[in-house]
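Undergrad: Below: one structure in structure tokens.
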């Protein structure tokens, strides 16, 4: 069976090396040395600062929203994984959907501007598939209307634009390090903050507002948002070989492009591709379903990432019209992409896709 | 250095056995077989049903509150770890504090009844140190005022009262399996629900409202509240030897009682002790501070669990008067208790405590 993604499993001895550190010291969680090491190495690798590791990508969003005091409404994209919107709604913030543009698949700034209401306190763009958003215009709108700009940058691992890490933009940017991601910590996530004070507030908030032993007061609100040393151990073992992981994904990605780019549209331009996903846009929803069915018949599971568009769901539908997102969501398909996938399998998948297209 | 607690580290080969299962199958998270196995074995061991494993004890509380639609105000105890109150406040529910009674150190039902307002939607008692609450009276009040009853049962591992597991009471009961707990999964927690439908709602809510592949709609709200297979592996390795862990803690606890019960008050009656903590009540706050200082001088770190009482903190203070909680919080001290603690160390700690009392 071939799935759309498959967690990378680090070399066992390498993993053991890090796990032993945690077990030998009996320091299994609570901001230990492995989380500290992973933080430092990720700040280097991603060229960011004020990076905070957290328990998962949803907590990253929730902690960022709380640290930046988001309330009322936030404008976001309907073309994303459900977590972007549900992290808002869970905390009592209403997600308002603005449409995407066909090129970048990210928020269309003119649609964002049109969706602003007196209750709006934030814009939450998503760098879907690691694609850059219209940052300059979004920042301009945020400044003009005094809104916070918080990127859901869950897919941006390693992605840069104009020389800058996509994780370094906005008031905050959040990532997911879920097992299925390009880089993972089993479960995990991170937030980067522009402002050091907000970072400090968030840092305290993931440890119950700062649960130091024998404190004489509690003066801040918090939850448990901590990444464990054990999950950090997986992250360190994976980060040790991240270049190999990326190279392997690139090879697979190139093979798909070589075999399929005459037949269908790759949603991520080759020069912007951080190989986090391999999304292709099919001519119609019917065709998308045909391709899925043909692949399923060979036990190959492609995924309709990200469908349905959230403004069309029962949980989040609010009457918004986002025709581009609706159309793209109906025709998008992510092809299997993970380091262990053999090139021969890529060829077989591509042939099935091609045959189903005709 | 002796700390108040120290995570139990499972036998490495036993741990490896479970970790290999996850790594061999590349199933690292998302409700995998280890989480399923741990769920089943914990339901057996704790004599509960409808048990849902989650990422940590705070998420357990938050998911329970959401599944039971708690809003407005909830009445809880100020004599608890900050998470009980902060989990409410983070989700926009105002914690209202009612006093505890001196005997059980848990919510005094008459104080709960007096604190009910038209906005109250829940009572959140805490089984502090694994102690039973006044369940029958609390349930009566909850029924009379149509309130939900949600136990923060974070300390109750293995605790029973009147033949029933303390985890099996109320509309829901939550636990923490943090590394420092009697039973741990590094980071983790659990919720049990009385009602199967509410359990199902919560189960979906910890996976983004039910993130099944290629779903055609989203019809429920969720977050990422999942326990990973890796954390479940630690839980299984620990559960394999839980009887030994408990026996060892009992031996230490008995030694403290033998050496110190003539000199000070143990807050948990011997026949109700699930050996989750070893709290003693000192004659005065000054005396408590003296004992702490004397222990610190020998690099022994006792903890003022749970001080300050939350109604007296800047973050949660609301003018409530809870004189019993205030008094107990000033005089309580938890002595070091973990399986690796040597009886010779227990003796040394006890001698230092005794000397500081005079």
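Residue numbers (this note's numbering), protein chains in the order written: chain A, 1 to 358; chain B, 1001 to 1358. No residue lacks a Cβ here, since even glycine has one placed at the ideal position from N, Cα and C.
#1: Which one of A/312, A/294 and A/337 has the shortest CA to CA distance from residue 329 of chain A?
#2: Pull up the DSSP beta-bridge partners for residue 1189 of chain B, would you.
#3: Taking all protein chains shown into account, do 16 or more other C-beta atoms lie within 10 angstroms of the C-beta of residue 1125 of chain B, making it buried, or fewer, making it exposed?
#4: Who are the Cβ neighbours of residue 275 of chain A in its own chain at under 6 Å, not counting the five residues just before and after it?
#5: Does the CB of residue 138 of chain A have a neighbour CB from chain B at under 8 Å?
#6: Looking at residue 277 of chain A: is its Cβ nearer than 8 Å to the Cβ of residue 337 of chain A?
#7: Assess, as a yes-or-no matter, whether the stretch 1220-1233 of chain B is touched by the stretch 1052-1063 of chain B under the definition of 3 or more beta carbon pairs within less than 8 Å.
#8: Figure out for me which residue from B/1098, B/1334, B/1184 and B/1102 has the closest Cα to the Cα of residue 1138 of chain B.
#9: Kindly provide the ranges of any alpha helix (DSSP H) runs that are 4 or more residues long and lie completely inside the stretch 94-118 of chain A, ordered along the chain.
#10: In three-state terms, what does DSSP make of residue 184 of chain A?
#11: Between residue 216 of chain A and chain B, is any beta-carbon pair separated by less than 8 Å?
#12: Check this for me: beta carbons of residue 1339 of chain B and residue 1179 of chain B, under 8 Å apart or not?
#13: Checking contacts by CB at 8 Å: is residue 112 of chain A closer than that to chain B?
#14: Out of B/1173, B/1052 and B/1100, state which residue places its alpha-carbon closest to the alpha-carbon of residue 1150 of chain B.
#15: Closer than 7 Å by C-beta to residue 1303 of chain B: which residues in its own chain qualify, once you throw out the five before and the five after it? Chain order, please.
#16: Quick one: using the 10 Å Cβ neighbour count with 16 as the cut-off for buried, is residue 1 of chain A buried or exposed?
#17: Tell me the DSSP bridge mates of residue 1073 of chain B?
#18: Around the Cβ of residue 1119 of chain B, are there at least 16 other Cβ atoms within 10 angstroms (buried) or fewer (exposed)?
#19: For residue 332 of chain A, which beta-bridge partners are listed by DSSP?
#20: Tell me whether the stretch 1228-1237 of chain B and the stretch 1017-1035 of chain B touch, counting them as touching only if at least three CB pairs, one residue from each stretch, are closer than 8 Å.
#21: Along the alpha helix (DSSP H) that carries residue 1204 of chain B, what are the first and last residues, could you check?
#22: Looking at C-alpha atoms only, which residue of A/25, A/24 and A/39 is the closest neighbour of residue 236 of chain A?
#23: Suppose contacts are defined by Cβ-Cβ distances below 8 Å. Is residue 1152 of chain B in contact with residue 1084 of chain B by that definition?
#24: Distance, Cα to Cα, residue 1238 of chain B vs residue 259 of chain A?
#25: Can you name the residues of chain B whose CB is closer than 9 Å to the CB of residue 298 of chain A?
#26: Within 10 angstroms of its Cβ, does residue 1109 of chain B collect 16 or more other Cβ (buried), or is it exposed?
#27: Taking its Cβ as the centre, do 16 or more other Cβ atoms sit within 10 Å of residue 1092 of chain B, making it buried, or is it exposed?
#28: Taking the continuous alpha helix (DSSP H) assigned at residue 1148 of chain B, which residues delimit it?
#29: For a cutoff of 8 Å on Cβ pairs, would you count residue 154 of chain A as touching chain B?
TA: The answer reads as follows:
#1: A/312
#2: B/1054 and B/1176
#3: buried
#4: 249, 250 and 253
#5: The C-beta of residue 138 of chain A comes no closer than 8 Å to any C-beta of chain B.
#6: yes
#7: The answer is yes - the stretch 1220-1233 of chain B touches the stretch 1052-1063 of chain B, with three or more Cβ pairs under 8 Å.
#8: B/1098
#9: 109-115
#10: Residue 184 of chain A: coil per DSSP, three-state reduction.
#11: With 8 Å as the cut-off, residue 216 of chain A counts as an interface residue toward chain B.
#12: no
#13: no
#14: Nearest in C-alpha terms to residue 1150 of chain B, of all of B/1173, B/1052 and B/1100, is B/1173.
#15: 1004 and 1334
#16: exposed
#17: B/1094 and B/1120
#18: exposed
#19: A/281
#20: yes
#21: 1196-1205
#22: A/39
#23: yes
#24: 50 Å
#25: Neighbours of residue 298 of chain A on chain B: none; closest Cβ ~16 Å, over 9 Å.
#26: Counting the other Cβ atoms within 10 Å of the Cβ of residue 1109 of chain B gives 16 or more, which makes it buried.
#27: exposed
#28: No alpha helix (DSSP H) contains residue 1148 of chain B, which is instead part of the beta strand (DSSP E) from 1148-1152.
#29: No, residue 154 of chain A lies away from the interface with chain B (no Cβ there is under 8 Å from its Cβ).
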